[in-house]
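In what follows, a structure is listed as structure tokens, so that the remarks can point back to it.
Protein chains: 2
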Amino acid sequence: MAQPRRGAKQPPVKWLTASELESWLSIVRLLTWLPWSIDQQLHRDSKLSMVEYQVLAMLSDNPDRTMRMSALAEVTNASLSRLSHVVERLERRGFVRRAPDRTDGRFTKAILTDVGFETLAAAAPGHVRHLRSLVIDVLSPEQLRRLGRDAAHIMARIESSGTS
Amino acid sequence: MAQPRRGAKQPPVKWLTASELESWLSIVRLLTWLPWSIDQQLHRDSKLSMVEYQVLAMLSDNPDRTMRMSALAEVTNASLSRLSHVVERLERRGFVRRAPDRTDGRFTKAILTDVGFETLAAAAPGHVRHLRSLVIDVLSPEQLRRLGRDAAHIMARIESSGTS
DNA sequence: CGTTCAAGCTTGAAGTGTCAAGTGAACCGT
DNA sequence: ACGGTTCACTTGACACTTCAAGCTTGAACG
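Line by line, the protein sequences are chains Y and F.
Number 157 marks the last residue of the first sequence (our numbering); no jumps.
Number 157 marks the last residue of the second sequence (our numbering); no jumps.
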């Protein structure tokens, strides 16, 4: 973002060039509005938020439609606490149920119900169409791959700057 | 995200290929964790959220350190409502004050105070350093420019799919 | 002038996320 | 076998965002 115009005593910081700033502001706009747009579409058409969709989708990808909470948190980029709240809401709506893992009582398994599966199946086409129209089909295959790689690259830096 | 494995009656939807899905999941990870990481750093070092920083930064960029609420909302990617709440908090902390626009009473001007400016000046170096280490310096100048352009490209699609 | 309209902003309630503390199950050393 | 520790998760309080009204000011029209 813009640096203060005057009065900062020469710090050992390389400020952003005009070009860097412009790119960064574009990226920030995307970071703000892309998730927003996806949430809008999902909520309008299926009364689901993106996390909720991701939870259902990830569960549906397993043969037994089941995943441990911690694994689910990992793949949905959610904290365990957040996932716990999300699953609680999904449970109240009958899309998911929970059961303790019999092999290790510390784990909780989240299980996609039939209703949950139907809901996902109904939501998926619209979501994918929206994704395609906003992102996937807007970029060439190479551009998309590059974007994915850049994202992964940045993620690696984030992870190594481990705030955890 | 993963499509349901079976049972969806052939809809007119092109599902994502494995490669597309992989890129998309990378992007989603970035959309989740990059804002998080930036917020962490800002909050840890300066007790500011990213919106708050943006508000201060954008105000500081004006000669009179003043902007109309609506213009400020625009450049910070915030809704007017959200901005109103944010500015209220910043006002309570003494970083910003508000005054009605004398030329048109409908407008409210947000004004950066000296304390707010000092706070921004103190926060900026750390923020920029963090940005550089996560994003700017991780990519080559061309990569960054391309990323910015791709972002702008996607933004254009989002805006034209006007959910407003 | 007076009425209607829209724009710009504020407000309060409801929803969602985060953080810190709490619970209970398994592990580990003695 | 029992005491402490770690792990997996839950819970509740608080903070922030959003959404739907509401308020105030100026413009447009008669």
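Heads up, the beta-carbon is just placed ideally off N, CA and C, and yes, glycines get one too.
Whose C-beta lies closer than 6 Å to the C-beta of residue i among residues of the same chain, with five residues either side of it excluded?
i, result
"residue 7 of chain F", "none"
"residue 159 of chain F", "The structure shown does not extend to residue 159 of chain F, since chain F spans only -6 to 157, so no value can be given for it."
Quick one: grab the DSSP three-state call for residue i.
i, result
"residue 6 of chain F", "coil"
"residue 112 of chain Y", "helix"
"residue 131 of chain Y", "helix"
"residue 56 of chain Y", "coil"
"residue 105 of chain Y", "strand"
"residue 99 of chain Y", "coil"
"residue 92 of chain Y", "strand"
"residue 61 of chain Y", "strand"
"residue 37 of chain F", "helix"
"residue 86 of chain Y", "coil"
"residue 152 of chain F", "helix"
"residue 42 of chain Y", "coil"
"residue 71 of chain F", "coil"
"residue 23 of chain Y", "helix"
Compute the Euclidean distance between the alpha carbons of residue i and residue j, then round it to the nearest angstrom.
i, j, result
"residue 123 of chain Y", "residue 114 of chain Y", "15 Å"
"residue -2 of chain F", "residue 111 of chain F", "Bear in mind that a pLDDT of 46 at residue -2 of chain F, under 50, signals an unreliable position, so the number given afterwards is only what the model happens to contain. Each residue's alpha carbon lies about 56 Å from the other."
"residue 69 of chain F", "residue 80 of chain F", "12 Å"
"residue 52 of chain F", "residue 60 of chain F", "6 Å"
"residue 67 of chain Y", "residue 73 of chain Y", "8 Å"
"residue 125 of chain F", "residue 131 of chain F", "7 Å"
"residue 144 of chain Y", "residue 39 of chain F", "27 Å"
"residue 172 of chain Y", "residue 25 of chain Y", "Lying before the first or after the last residue shown, residue 172 of chain Y is absent from chain Y, which here runs from -6 to 157."
"residue 85 of chain Y", "residue 102 of chain Y", "16 Å"
"residue 151 of chain F", "residue 71 of chain F", "16 Å"
"residue 11 of chain F", "residue 135 of chain Y", "14 Å"
"residue 18 of chain F", "residue 121 of chain Y", "13 Å"
"residue 96 of chain F", "residue 56 of chain F", "18 Å"
"residue 139 of chain F", "residue 149 of chain F", "15 Å"
"residue 154 of chain F", "residue 92 of chain Y", "41 Å"
"residue 99 of chain F", "residue 29 of chain Y", "28 Å"
"residue 133 of chain F", "residue 133 of chain Y", "20 Å"
"residue 78 of chain Y", "residue 54 of chain F", "40 Å"
Between residue i and the rest of its own chain, which residues show a CB-CB distance below 8 Å, the 5 nearest in sequence each way excluded?
i, result
"residue 83 of chain F", "45, 48, 49, 89 and 109"
"residue 27 of chain F", "127 and 128"
"residue 106 of chain F", "87, 88, 89 and 90"
"residue 5 of chain Y", "none"
Counting only the same chain and skipping the five closest in sequence on each side, list residues whose C-beta sits under 7 Å from that of residue i.
i, result
"residue 33 of chain F", "none"
My understanding is that residue i touches residue j, with C-beta atoms under 8 Å, so please give their C-beta distance in whole angstroms.
i, j, result
"residue 137 of chain Y", "residue 16 of chain F", "5 Å"
"residue 116 of chain Y", "residue 65 of chain Y", "Residue 116 of chain Y to residue 65 of chain Y, Cβ: 18 Å. No contact."
"residue 76 of chain F", "residue 62 of chain F", "6 Å"
"residue 20 of chain Y", "residue 141 of chain F", "6 Å"
"residue 23 of chain F", "residue 31 of chain Y", "Actually they are not in contact, since the Cβ atoms of residue 23 of chain F and residue 31 of chain Y sit about 14 Å apart, beyond 8 Å."
"residue 104 of chain Y", "residue 37 of chain Y", "Not a contact, Cβ separation roughly 28 Å."
* To do: Taking a Cβ distance cut-off of 9 Å, strictly less, list which residues of the segment 136 to 153 of chain F are near chain Y, in chain order.
  => 136, 137, 138, 139, 140, 141, 142, 143, 144, 145, 146, 147, 148, 149, 150, 151 and 152
_Taking beta-carbon pairs under 9 Å, can you tell me which members of the segment 118 to 138 of chain Y lie near chain F?_
118, 119, 120, 121, 122, 123, 124, 125, 126, 127, 128, 129, 130, 131, 132, 134, 136, 137 and 138
Mind listing which residues of the segment 64 to 85 of chain F have their C-beta closer than 8 Å to chain Y's C-betas, in chain order? Within the segment 64 to 85 of chain F, the qualifying residues are 70.
For this session: Select from the segment 39 to 53 of chain Y all residues with a C-beta closer than 8 Å to any C-beta belonging to chain F, and list them in chain order.
Result: 46, 47, 50, 51 and 53
Can you give me, in chain order, the residues of the segment 20 to 31 of chain Y that have a beta carbon less than 8 Å from any beta carbon in chain F? 20, 21, 22, 23, 24, 25, 26, 27, 28 and 30
* To do: Output, in sequence order along the chain, the residues in the segment 90 to 118 of chain Y whose CB is closer than 8 Å to any CB in chain F.
  => Under the 8 Å Cβ criterion, the segment 90 to 118 of chain Y contributes 110, 113, 114, 117 and 118.
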